Every structure is written in C-alpha cells, then in structure tokens.
Amino acid sequence: MEIPSLKEVYKDYFPIGAAVSHLNIYTYEDLLKKHFNSLTPENQMKWEVIHPKPYVYDFGPADEIVDFAMKNGMKVRGHTLVWHNQTPGWVYAGTKDEILARLKEHIYEVVGHYKGKVYAWDVVNEALSDNPNEFLRKAPWYDICGEEVIEKAFIWANEADPNAKLFYNDYNLEDPIKREKAYQLVKRLKEKGIPIHGVGIQGHWTLAWPTPKMLEDSIKRFSELGVEVQITEFDISIYYDRNENNNFKVPPDDRIEKQAQLYKQAFEILRKYRGVVTGVTFWGVADDYTWLYFWPVRGREDYPLLFDKNHNPKKAFWEIVRF
Ligand code: 9MR
Numbered sequence: 001m002e003i004p005s006l007k008e009v010y011k012d013y014f015p016i017g018a019a020v021s022h023l024n025i026y027t028y029e030d031l032l033k034k035h036f037n038s039l040t041p042e043n044q045m046k047w048e049v050i051h052p053k054p055y056v057y058d059f060g061p062a063d064e065i066v067d068f069a070m071k072n073g074m075k076v077r078g079h080t081l082v083w084h085n086q087t088p089g090w091v092y093a094g095t096k097d098e099i100l101a102r103l104k105e106h107i108y109e110v111v112g113h114y115k116g117k118v119y120a121w122d123v124v125n126e127a128l129s130d131n132p133n134e135f136l137r138k139a140p141w142y143d144i145c146g147e148e149v150i151e152k153a154f155i156w157a158n159e160a161d162p163n164a165k166l167f168y169n170d171y172n173l174e175d176p177i178k179r180e181k182a183y184q185l186v187k188r189l190k191e192k193g194i195p196i197h198g199v200g201i202q203g204h205w206t207l208a209w210p211t212p213k214m215l216e217d218s219i220k221r222f223s224e225l226g227v228e229v230q231i232t233e234f235d236i237s238i239y240y241d242r243n244e245n246n247n248f249k250v251p252p253d254d255r256i257e258k259q260a261q262l263y264k265q266a267f268e269i270l271r272k273y274r275g276v277v278t279g280v281t282f283w284g285v286a287d288d289y290t291w292l293y294f295w296p297v298r299g300r301e302d303y304p305l306l307f308d309k310n311h312n313p314k315k316a317f318w319e320i321v322r323f
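According to this note's numbering, the residues represented by the sequence shown are 1 to 323, in order.
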C-alpha cells in the first residue's frame with residue numbers, strides 16, 4: 001500500500017513537526033523528508049548546551065539541525081529560552097538585576113543567531129506550578145525574579161527577532177486547573193502589551209490521561225485570548241499510568257489500538273480548530289528512540305509515536321491520515 005506523506009495530508013491544516021537531535025536528523029532522514037515540515041531541537045538549544053559557560057556559546061549541534069531544516073524547506077521551532085531544567089547553576093548567581101542582564105544577553109545572542117530561521121520560540125517553558133495552591137513553580141527564575149522574568153523574556157525575544165512567533169509552553173495544560181493558570185498568565189501578559197502570540201500545549205499523554213475532550217476545552221479557552229495554539233511535544237505512551245509496573249518488549253495489540261484511537265480523536269479536534277491550531281509537533285519520530293525510555297522508569301520500553309522501531313507506519317498513523 002502507498003504510504004501517504006503526513007505533511008501533505010495536513011498541508012491545508014498546519015505544519016507537522018518532530019523533535020530531533022543533531023544525530024537523528026540522519027538516522028531519520030527519510031522519514032523526516034517525507035512526512036515532516038517542521039523541526040524542534042529536542043535539547044540542542046537548551047541553555048546548558050548552547051551557552052554552557054558565561055559568554056561561551058556553542059551553536060554547533062543546533063546549527064546542524066537548522067541547516068538541515070533550511071535545506072529541506074522545513075520550519076524550525078526554537079526550544080527553549082527560560083526553563084528551570086538544563087540551565088547551569090552559574091546563571092542564577094548574583095542579584096536579580098544581574099540575573100536578568102544575563103538572560104537578556106542570552107536571548108539576544110541565541111534568538112539573534114537564528115533570526116529569520118527559527119519562526120517560533122518557546123520563550124518560557126513550564127513556569128506554572130503543579131500545586132493547585134501555587135501559581136508559579138518553585139524555581140530560581142521565579143523565586144528570584146517573579147513574573148517579571150517572564151515579561152522580560154518575551155520583550156527581549158521580540159526585540160531580538162520582531163518576526164518570530166513567541167509561545168508560552170507547558171505540560172498538562174489539558175488539566176482544568178493548570179489550563180486556567182495558563183489562561184490567567186497569558187491574559188495578564190496580553191493586557192500589559194507584552195508580545196506573546198501563542199500557547200504551546202506539550203501533549204505528553206498516557207492511555208488514561210488526558211481525554212481528547214480536555215484538549216478541546218483547552219484549545220477553546222486559549223483561543224478566547226486571541227492567541228494561537230500549537231501542540232508542541234505530542235506523544236502517547238502505551239502505559240495507563242506513568243509508573244505502571246510493566247515493561248512490554250512487544251507492545252500489546254489492545255494498547256496500540258487504544259493509542260491509535262486517541263491520536264485519531266485528538267487529530268479530529270486539531271483539524272476542527274485549524275486557524276487557531278497552527279502547528280503540531282511530535283516529541284520524536286519513531287519508536288526506536290523516545291525520551292520515555294529514560295523517564296520516569298529508566299530502561300522501560302515505550303511506543304509513543306506514529307512510526308514503529310522499523311520506521312513503518314503504525315495504526316495511529318493510518319488513523320490520522322484517513323479522514
Ligand atoms: O526529551 C528531552 C530529554 O532528552 C531530556 O533529557 C529532558 C531533560 O529534562 O528534556 C526532554 O524534553 C522535555 C522538553 O524539553 C520540555 N517538556 C518535557 C520534555 C520531556 O521531558
């Protein structure tokens with residue numbers, strides 16, 4: 001059977017993206033060229049990689065990804081400028097003003113380097129707390145600088161590349177409480193005239209959570225703010241619980257089927273909100289490599305993507321290309 005190109009099937013809806021490393025642009029070259037028209041560096045633009053020491057920038061690995069994308073007519077999403085993970089300790093040394101000055105330099109350097117090539121940035125990643133009684137997460141950025149660091153990051157990213165689309169990105173934004181927090185955060189930013197253009201719903205799902213209906217409710221809610229929505233890190237684990245005590249060496253048929261149905265329902269919603277939904281990126285390409293091999297259970301197999309370990313389309317692939 002002829003395998004359709006995913007990006008072609010979705011060309012009137014939104015770009016189809018994948019998170020990649022500078023190594024797997026080669027191991028996945030054929031799949032990427034056929035099915036994807038957007039790339040996100042999975043780790044290569046994070047602070048500890050791109051700016052490991054004061055005033056020392058290493059653009060090498062991220063440049064490889066961006067060059068590959070440019071050569072193949074793909075978009076690039078930049079990920080990410082402000083995050084509590086993968087940021088070296090020296091970044092938080094000194095006073096609030098010193099920290100903010102350091103962040104400004106970082107944003108000008110990194111966003112400036114990719115000006116005109118990276119079309120959208122995850123400016124701030126995962127700032128919201130998972131604790132219902134707490135707004136921003138407990139982390140040095142927010143403990144020291146408060147919400148100001150978020151405002152400034154968007155302002156500086158906009159100054160460094162006025163044409164880039166700027167996103168607030170977070171996980172579990174399908175959850176009603178966290179959804180409302182993100183809504184309030186973005187609403188405040190918009191009211192203050194801060195340049196923010198979209199909300200990134202990461203989309204790390206299990207078979208049990210969230211429901212497609214929750215995704216739809218979040219897309220609707222964020223669209224009330226007049227911002228775009230993208231799914232920035234989509235994958236659906238074949239476990240029902242993150243800590244499920246199984247390790248499937250072969251994925252059970254019923255789980256692959258359940259996963260396919262979830263992808264199908266999610267994409268029905270994403271197509272319905274075309275125009276508001278301006279991009280869908282998977283957090284990987286095929287099941288032979290996924291961050292879920294390392295988290296939360298190190299060494300546990302998982303099968304969260306559209307292509308199997310042999311790079312063949314799975315049931316989920318067929319469910320989202322036939323509509
Ligand atoms: O997939 C990334 C993995 O390779 C890294 O080890 C990890 C480090 O924290 O980050 C992973 O990507 C995360 C992304 O940057 C932000 N959202 C959650 C992703 C999965 O943890």
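We treat Cβ as the ideally placed atom computed from N, Cα and C, and that holds for glycine. Note that the coordinates shown come from a computational prediction; the quantities given were computed from them, not determined experimentally.
Count the other CB atoms within 10 Å of the CB of K314; is the residue buried (16 or more) or exposed (fewer)? buried
P140 to L103 span [Cα, whole Å]: 13 Å
With hydrogens ignored, establish whether the beta-carbon of Y336 is closer than 8 Å to any heavy atom of ligand 1. Nothing can be reported for residue 336, as the shown portion of the chain is limited to 1 through 323.
Boundaries (first-last residue) of the alpha helix (DSSP H) holding K220: 212 to 223
Same chain, Cβ closer than 8 Å to V49, five either side skipped, listed in chain order: N43, D58, P61, A62, Q86
Give the list of continuous beta strand (DSSP E) stretches no shorter than 3 residues that lie fully inside the region 118 to 198. 120 to 125, 165 to 170
Any chance the CB of K46 is under 8 Å from a heavy atom of ligand 1? yes
Under 6 Å Cβ to Cβ from A208, same chain only, skipping five residues before and after it: list those, please. Y240
Pull up the distance between the alpha-carbon of L146 and that of M1, whole angstroms please. Reading off the sequence shown, one finds Gly at residue 146, where the question assumed Leu. Spanning the two alpha carbons is a distance of roughly 55 Å.
Looking at the strands, I want to know which residues DSSP matches up with W318. The partner list for W318 (beta bridge, DSSP) is empty, contrary to what the question assumes.
Look at the alpha carbon of W88 and the alpha carbon of W318, and state the distance between them as a whole number of angstroms. For clarity, residue 88 is Pro in the given sequence; the question names Trp instead. Approximately 42 Å, taken between the alpha carbons.
By DSSP, does I50 sit in helix, in strand, or in coil? helix
Please determine, among F154, S129, N133, the residue with the shortest C-alpha to C-alpha distance to Y142. S129
Report the three-state DSSP secondary structure of F267 (helix, strand or coil). helix
Under 8 Å from any heavy atom of ligand 1, does the C-beta of N125 make it? yes
Run of the beta strand (DSSP E) containing T278, from where it starts to where it stops: 277 to 282
Does P15 pass the burial test, meaning 16 or more other C-beta atoms within 10 Å, or should it be called exposed? buried
Evaluate contact between the region 291 to 306 and the region 233 to 252, counting only Cβ atoms and requiring at least three cross-stretch pairs below 8 Å. yes
Would you report the Cα separation of I99 and V124, rounded to the nearest angstrom? 15 Å
With a threshold of 7 Å on Cβ separation, who are the neighbours of S5 within its own chain once the five nearest residues in sequence on each side are excluded? K34, H35
Could you please give me the residues that DSSP links to I16 through a beta bridge? V280
Cβ contact check for the region 173 to 187 and the region 151 to 165: 3 or more pairs under 8 Å: no
Name the one or two DSSP bridge partners that D30 has. Beta-bridge pairing links D30 to no other residue.
Determine the direct distance from the alpha carbon of P251 to that of F282, and round the result to whole angstroms. 19 Å
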